[in-house]
Amino acid sequence: MVKQIFKFHIMLIVSVFFLLSSCGTPDEKKMAFFEKGNSLFEAGDYVRAKLEFKNAVQIDSKFAQAYYMLGKTALKLKDGRKAFGWISNAVKLDPGLIEARLDLGKMFFAGRALPRAAEQADEILKIDPENVEAKLLKASVYLFEKKFESAGKMLENMAAAGIKKVRFYLIRASYFKAVDNNQMAGKVLKEGMEAHPQSLEMAMALARYYGLEGDLKGIETQLKKALEIAPEAIGLKLNLARLYLETQRLSEAKIILNRLVEADPENDKNRMAVAVLLMKSGELDQSLEIVEKGIERSRENYGYFALLSEIYLKKSKVKKAENVLWEFLSEKEGLALPDIIKAKVSLSKLFLLQKRSDEAEDLIDQVLEDDPKNIDAHYLKGRMYLVSGDGTQAVSKFRTVTQEHPEHLEGYIGLANAHVLNKDYDLALDVLKNALEKAPNSAKILKGMVRVNVLKKDVTAAEENLKQIVSLDPYNIGSIAGLGDFYLSMNRYEEAMNQYQLIKKSKKGAALGYLKTAQAFTRQNKVDDAIDELKTGSEKAEKSSVFITSLGQLYLRQGKIQEAIVKFKEALAIDPKNRLAWLTLANIYERTQDQELAMDVYRKFLALHPDSWSAANNLAFLLSEQEQPESSLQEALILAQKAESLNPGSPLVLDTIGWIYYKQGDLSKAEHKIAQAIKKMPDNRVISYHLGLICHDMGKGLDAGVNLKNALAGNNEFPGRKHALKLYDKYYK
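Structural data, given as structure tokens:
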């Protein structure tokens, strides 16, 4: 018995010893959590890694390395705000933590807090004077601040020291691009490619450079090189196929695309990616064929129906686009609720596009009934409120979107637009700044900030935003043009011309540079100089419809009507869908009283663009003015009512419908429509004349006199002015 008791005590002591040992010291426990967090982080399990790092800092609230890893984890989880807080705390706790300082500096740079980014780089260089990443951060700050001499000197010293990091080559190339030395930019990128033959980043940077230079062979070579580095990258294969499509090498594009589909026939994702590329490249029939085959083998896959609807939309077959979605919804069996909801959301967008707001709202309400938190539905509701001018309700809907989905950038842009509608410009800017923290490289958000700052008349801030957009991609011609256009709108002609000159120096964008320069000359009334620019640019653009249309507009400005007509017809021969050329040509014929030719142009235009409310309205009005039988007035009414369905509430359309009713002898309906129009456009002379004439015929003398007097105010000519004057002088003067 004693022996058993003794044995029990020994076992108890041993158990307690092991229990105490397993608890460990606080330092041991925090390191255990930290090491486990590191392992999970390396494995890509960021959610669980975050929990382990949090456990570590709960044990030791001054554990700088754990705070830093929390920050890195937050970055992986796309939570910029928390990442910034945790990394800042890490640096505060351990100022010598170089990696944390570097990431903090990069975050400051991304948010364009340039002095604070430079401060972090300087602090690192005090600790480690040869730290390459800190020097690159400092050089980037210099570049963005346009301190090109300082940036160049720092980068030159790094080159002399034999630095060969990928990021070094990329930043040095950006420097040479910024100082307008494209040749050296290309040389540096080629050196980088030679030093890092397996770097996908270098290969793509060189491809972009060749793109800017218009070197199609260079782009092809680099894309092929990139595919050698990453042979399974679907995106690279699609990019190469896109290049072949853009350069009319259709057979080579088809080989790549067919192989993509044939390599894995069951892979719907690849099949749809190929269809999307063909659709975006204008190969609509081929895209249609691929999608229809996909539907044959997978009728329950909503993605195919969504694509088919989009293809029909691009073919201007709106009804077919709508029917495709109804066809999917009619399948009933086998459809997943999320796909049903997506189809209804897509239909809602189609209805909004056609201004069928009531039908869109019904579908959106159905979606919210099935899925009360559906972000797309809330977003569309917000858009509807924006269109209807209800800023308060729009704010509410977009706020729901951003609160439920903080990564939904369109939600922030919608919320900012709602605040703009309410004239709460500061709130709009706050929303966009918050969004920019989440997506520092979003040009769309920065463009939103430009708009708000322009409305606030804060020209300096707007200019800074535009420079930020350019800095995101110094090779982006559209961004450079945007900055130039801003200067042009401010009548800062020299600065605008400087930006356009940069575009002209790039082979890819040269034509656009000439077009923009011509616009700048036109704004300064230097029409002859503008014409010279367009003629030179037109040679580089290889018979561009846009250039020829612009030339036509300048001839029109000079009063050279026949030369203008020739140019517009020439533009339409190149691009029959050129809206501006059609409408300007019709307008010329209207002004020269050649109504038959004007109507012919409008008919041809509407055959190509049946969604144009203005063309339908103008043709309806011209038909109503003809001395023709009742059938012409009936055709005019049908056209005007179509215009009203495309642009509900338009005072110009209301006036046309009212005028047709007047011509048909229905004075009551005519007065009703045109009275609505005059409320919206009280200073429009033609509408005032029409209402005055109707009131005169109805025996409403007082109203007739007031409206005819308004019509005759000023000396502007309009159809019917002589009749209005005669009527007013005889009865109401």
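Under our numbering, the first residue of the sequence shown carries the number 227, and numbering increases by one thereafter. We treat Cβ as the ideally placed atom computed from N, Cα and C, and that holds for glycine.
Buried versus exposed, by CB contacts within 10 Å (16 or more), residue i
{"i": "Glu-359", "result": "buried"}
{"i": "Glu-472", "result": "exposed"}
{"i": "Thr-618", "result": "exposed"}
{"i": "Ile-353", "result": "exposed"}
{"i": "Lys-201", "result": "There is no way to answer for residue 201, as the model of the chain reaches only from 227 to 959."}
{"i": "Ala-896", "result": "buried"}
{"i": "Glu-548", "result": "buried"}
{"i": "Lys-683", "result": "exposed"}
{"i": "Lys-894", "result": "Before going further, note that residue 894 is Ser rather than Lys in the sequence given. The residue in question, Ser-894, is exposed, as its Cβ has fewer than 16 Cβ neighbours within 10 Å."}
{"i": "Arg-398", "result": "buried"}
{"i": "Asp-754", "result": "exposed"}
{"i": "Ile-482", "result": "buried"}
{"i": "Asn-843", "result": "buried"}
{"i": "Asp-652", "result": "exposed"}
Minimum C-alpha distance to residue i - residue among the options
{"i": "Leu-576", "options": "Asp-584, Val-544 and Pro-598", "result": "Val-544"}
{"i": "Gly-763", "options": "Gln-745, Ala-790 and Phe-773", "result": "Phe-773"}
{"i": "Arg-677", "options": "Ser-556, Ala-316, Asn-667 and Glu-689", "result": "Glu-689"}
{"i": "Ile-695", "options": "Asn-717, Gly-704, Met-675 and Ala-669", "result": "Ala-669"}
{"i": "Glu-261", "options": "Ile-787, Glu-278, Pro-908 and Leu-363", "result": "Glu-278"}
{"i": "Lys-795", "options": "Asp-588, Met-257, Ser-771 and Ser-265", "result": "Ser-771"}
{"i": "Asn-813", "options": "Ile-791, Gly-560, Lys-731 and Leu-462", "result": "Ile-791"}
{"i": "Cys-174", "options": "Leu-934, Glu-663, Asn-315 and Pro-632", "result": "The structure shown does not extend to residue 174, since the chain is modelled only from 227 through 959, so no value can be given for it."}
{"i": "Ile-537", "options": "Glu-522, Arg-525 and Glu-518", "result": "Glu-518"}
{"i": "Leu-563", "options": "Asp-588, Gln-592 and Tyr-815", "result": "Gln-592"}
{"i": "Gly-306", "options": "Met-924, Glu-663 and Lys-752", "result": "Glu-663"}
{"i": "Leu-872", "options": "Gly-927, Met-907, Trp-839 and Tyr-888", "result": "Trp-839"}
{"i": "Ala-661", "options": "Gly-508, Lys-581 and Gly-674", "result": "Gly-674"}
{"i": "Tyr-740", "options": "Asp-758, Asn-751 and Lys-752", "result": "Asp-758"}
{"i": "Glu-454", "options": "Lys-361, Ser-477 and Ser-425", "result": "Ser-425"}
Beta-carbon gap between residue i and residue j smaller than 8 Å
{"i": "Lys-276", "j": "Thr-251", "result": "no"}
{"i": "Leu-832", "j": "Ala-841", "result": "yes"}
{"i": "Leu-635", "j": "Val-657", "result": "no"}
{"i": "Ala-901", "j": "Leu-878", "result": "no"}
{"i": "Leu-692", "j": "Leu-681", "result": "no"}
{"i": "Leu-594", "j": "Leu-647", "result": "no"}
{"i": "Pro-700", "j": "Ala-404", "result": "yes"}
{"i": "Ala-431", "j": "Lys-390", "result": "no"}
{"i": "Ala-950", "j": "Tyr-915", "result": "yes"}
{"i": "Gly-529", "j": "Asp-494", "result": "yes"}
{"i": "Leu-504", "j": "Ile-521", "result": "no"}
{"i": "Leu-859", "j": "Lys-889", "result": "yes"}
{"i": "Arg-525", "j": "Glu-557", "result": "yes"}
Cβ-Cβ separation, residue j to residue i (assumed contact under 8 Å), whole Å
{"i": "Leu-738", "j": "Leu-760", "result": "Rounded, the Cβ-Cβ distance is 12 Å, inconsistent with contact."}
{"i": "Ile-886", "j": "Ala-862", "result": "5 Å"}
{"i": "Asp-602", "j": "Val-571", "result": "5 Å"}
{"i": "Ala-344", "j": "Val-367", "result": "5 Å"}
{"i": "Phe-394", "j": "Met-380", "result": "The pair is not a contact, with the Cβ atoms about 11 Å apart (cut-off 8 Å)."}
{"i": "Ala-499", "j": "Leu-464", "result": "6 Å"}
Straight-line gap, residue i to residue j (C-alpha atoms, nearest Å)
{"i": "Ser-247", "j": "Val-283", "result": "With a pLDDT of 43 at Ser-247, under the threshold of 50, the modelled position of that residue is not reliable, and no figure is offered here."}
{"i": "Leu-809", "j": "Met-428", "result": "47 Å"}
{"i": "Lys-959", "j": "Leu-938", "result": "12 Å"}
{"i": "Tyr-828", "j": "Gly-412", "result": "50 Å"}
{"i": "Gln-745", "j": "Leu-780", "result": "10 Å"}
{"i": "Leu-534", "j": "Leu-578", "result": "19 Å"}
{"i": "Asn-643", "j": "Lys-599", "result": "22 Å"}
{"i": "His-835", "j": "Ala-756", "result": "30 Å"}
{"i": "Gly-263", "j": "Asp-584", "result": "53 Å"}
{"i": "Gly-637", "j": "Asp-597", "result": "18 Å"}
{"i": "Lys-541", "j": "Leu-510", "result": "8 Å"}
{"i": "Phe-624", "j": "Met-610", "result": "11 Å"}
{"i": "Phe-335", "j": "Asn-527", "result": "43 Å"}
{"i": "Ile-729", "j": "Leu-672", "result": "21 Å"}
{"i": "His-898", "j": "Tyr-719", "result": "49 Å"}
{"i": "Lys-607", "j": "Thr-626", "result": "11 Å"}
{"i": "Ile-445", "j": "Glu-254", "result": "55 Å"}
{"i": "Asn-484", "j": "Asp-441", "result": "26 Å"}
{"i": "Val-685", "j": "Asn-679", "result": "7 Å"}
{"i": "Arg-434", "j": "Asn-717", "result": "32 Å"}
{"i": "Ile-706", "j": "Tyr-726", "result": "8 Å"}
{"i": "Phe-289", "j": "His-604", "result": "43 Å"}
{"i": "Ala-292", "j": "Glu-349", "result": "21 Å"}
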